[in-house]
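Below: the structure, in structure tokens.
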Amino acid sequence: RVVTGSSFHAYIKLSEGCNQKCSFCAIPSFKGLLQSRSLDDIEKEVGNLAKKGFWDFSFISQDSSSYLRDQDEKNGLLKLIDRIEKIEGVRSARILYLYPSTLSDELIDRIKESKIFHNYFDMPIQHISDRMLKIMKRGAGKETILKQLKKMREIEDSFLRTSIIVGHPGEREEDFEELKNFLQEFDFDRINIFAYSDEEGTRAYEMEEKIPKDLIEDRIAVLDEIVEEKFQKSLRKDLNKEILIVPEGESSEHEYLIGGRKIQWAPQIDGEIIINDKTIDEEIKIGEIYKAKITEIAGDKPIATVTAHIK
Numbered sequence: 003r004v005v006t007g008s009s010f011h012a013y014i015k016l017s018e019g020c021n022q023k024c025s026f027c028a029i030p031s032f033k034g035l036l037q038s039r040s041l042d043d044i045e046k047e048v049g050n051l052a053k054k055g056f057w058d059f060s061f062i063s064q065d066s067s068s069y070l071r072d073q074d075e076k077n078g079l080l081k082l083i084d085r086i087e088k089i090e091g092v093r094s095a096r097i098l099y100l101y102p103s104t105l106s107d108e109l110i111d112r113i114k115e116s117k118i119f120h121n122y123f124d125m126p127i128q129h130i131s132d133r134m135l136k137i138m139k140r141g142a143g144k145e146t147i148l149k150q151l152k153k154m155r156e157i158e159d160s161f162l163r164t165s166i167i168v169g170h171p172g173e174r175e176e177d178f179e180e181l182k183n184f185l186q187e188f189d190f191d192r193i194n195i196f197a198y199s200d201e202e203g204t205r206a207y208e209m210e211e212k213i214p215k216d217l218i219e220d221r222i223a224v225l226d227e228i229v230e231e232k233f234q235k236s237l238r239k240d241l242n243k244e245i246l247i248v249p250e251g252e253s254s255e256h257e258y259l260i261g262g263r264k265i266q267w268a269p270q271i272d273g274e275i276i277i278n279d280k281t282i283d284e285e286i287k288i289g290e291i292y293k294a295k296i297t298e299i300a301g302d303k304p305i306a307t308v309t310a311h312i313k
């Protein structure tokens with residue numbers, strides 16, 4: 003369960019399998035239908051890890067917002083949040099991989115209220131063209147997705163991550179233009195772009211109107227520029243501000259510098275902050291929480307000066 007080798011952060015699996023019928027995905031064919039772990043089981047695992055000093059948790063599955071729906075419970079994540087918040091020692095948490103067709107307004111509101119769960123919304127939308135969302139069998143249309151994203155974005159200090167598939171069979175020039183324009187207009191903090199690739203056993207594999215590989219690459223090159231622009235814009239939001247960070251170890255830039263992340267971010271996927279100065283007398287410890295001022299953005303890395311130890 004503890005994937006990172008970290009002494010303070012752990013990934014917690016909510017379920018196995020998936021009940022969604024996305025055209026491009028083979029997961030249900032080899033992992034089966036959704037099988038949620040019980041609340042008691044998850045609570046026990048997190049409680050045991052908290053006793054060992056773990057305090058930061060990322061909850062993951064193929065479709066997290068469907069948690070417990072296989073057991074006729076529509077508000078599984080609401081109940082999970084209630085349980086996790088009561089566990090002594092848990093200071094920070096986030097839920098990864100929300101699904102538009104199973105995400106509720108109540109969940110967004112509950113995350114907003116939580117003192118433990120960050121306003122962190124990882125929701126792969128895969129596309130925004132209604133025509134493509136239908137072909138991809140995503141179960142939620144453009145209007146639903148836009149409402150959800152607007153609600154998330156309006157929350158102060160919210161962080162929005164998404165994934166997009168480019169070149170799914172049937173993607174026409176007008177669908178791609180609609181996607182490109184949307185990604186330019188809406189401010190995601192992080193965007194993952196994936197090239198469609200055929201997987202045997204999926205509906206998309208059998209579809210005609212396949213997109214040539216070189217055209218997929220051209221489309222991705224266009225979107226990559228937008229992705230970088232949005233990433234930089236997201237980083238600049240913290241410039242000259244004090245934020246909470248977690249030192250994680252030696253920086254990827256230099257062995258004498260400490261690397262870390264904003265406490266809200268998920269480990270390894272959202273970026274690295276370089277700690278190059280401090281105004282406190284004590285040594286900076288890995289896995290502790292600090293207040294830090296972001297003094298500049300160097301390339302794709304914020305540079306931070308630690309100003310206080312949050313105990």
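Read left to right, the sequence shown gives residues 3 to 313 (the numbering used here). Even glycine gets a Cβ: it sits at the ideal position worked out from N, Cα and C.
Backbone CA spacing between residue i and residue j [nearest angstrom]
i	j	result
isoleucine 299	asparagine 278	12 Å
serine 253	lysine 303	11 Å
arginine 163	lysine 153	14 Å
serine 25	glycine 19	16 Å
histidine 129	threonine 146	13 Å
leucine 105	leucine 16	15 Å
serine 94	isoleucine 265	8 Å
glutamate 290	serine 131	43 Å
asparagine 50	isoleucine 110	28 Å
leucine 35	alanine 52	30 Å
lysine 46	lysine 88	12 Å
lysine 215	aspartate 226	16 Å
glutamate 115	isoleucine 14	22 Å
isoleucine 44	glutamate 179	43 Å
glutamine 64	isoleucine 282	42 Å
alanine 306	serine 236	16 Å
proline 269	aspartate 220	30 Å
glutamine 186	phenylalanine 233	12 Å
phenylalanine 196	phenylalanine 10	31 Å
arginine 112	lysine 136	29 Å
valine 4	alanine 12	Because the pLDDT of valine 4 is 43, which lies under 50, any placement of that residue in the model is unreliable, and the number read from its coordinates should be weighed accordingly. Computed Cα separation, rounded: 5 Å.
aspartate 58	aspartate 84	16 Å
aspartate 107	glycine 262	32 Å
isoleucine 228	histidine 120	26 Å
isoleucine 29	aspartate 272	25 Å
histidine 256	glycine 169	38 Å
lysine 295	serine 40	41 Å
threonine 297	isoleucine 247	14 Å
Supposed close pair residue i, residue j - CB separation, criterion 8 Å
i	j	result
serine 66	isoleucine 97	5 Å
Local conformation of residue i per DSSP, three classes
i	result
valine 5	Its pLDDT being 46, under 50, valine 5 is placed unreliably in this model, and the coordinates cannot settle the point.
serine 68	helix
tyrosine 2	With the chain covering 3 to 313 only, the question about residue 2 has no answer from this structure.
asparagine 183	helix
leucine 109	helix
isoleucine 222	helix
lysine 243	coil
isoleucine 228	helix
isoleucine 299	strand
isoleucine 282	coil
alanine 206	helix
aspartate 200	coil
aspartate 189	coil
arginine 140	coil
arginine 155	helix
phenylalanine 178	helix
isoleucine 147	helix
serine 116	coil
serine 254	coil
Identity of the residues DSSP links to residue i by a beta bridge
i	result
isoleucine 271	Note: isoleucine 271 sits in no beta bridge, so no partner.
alanine 310	Lys293
tyrosine 122	Phe161
isoleucine 127	Note: isoleucine 127 sits in no beta bridge, so no partner.
asparagine 194	Ser165
glycine 262	Pro249 and Ile275
proline 304	Ile299
Taking the runs of the beta strand (DSSP E) that are 3 residues or longer, which of them lie wholly in the region 12-99?
58-62 and 94-97
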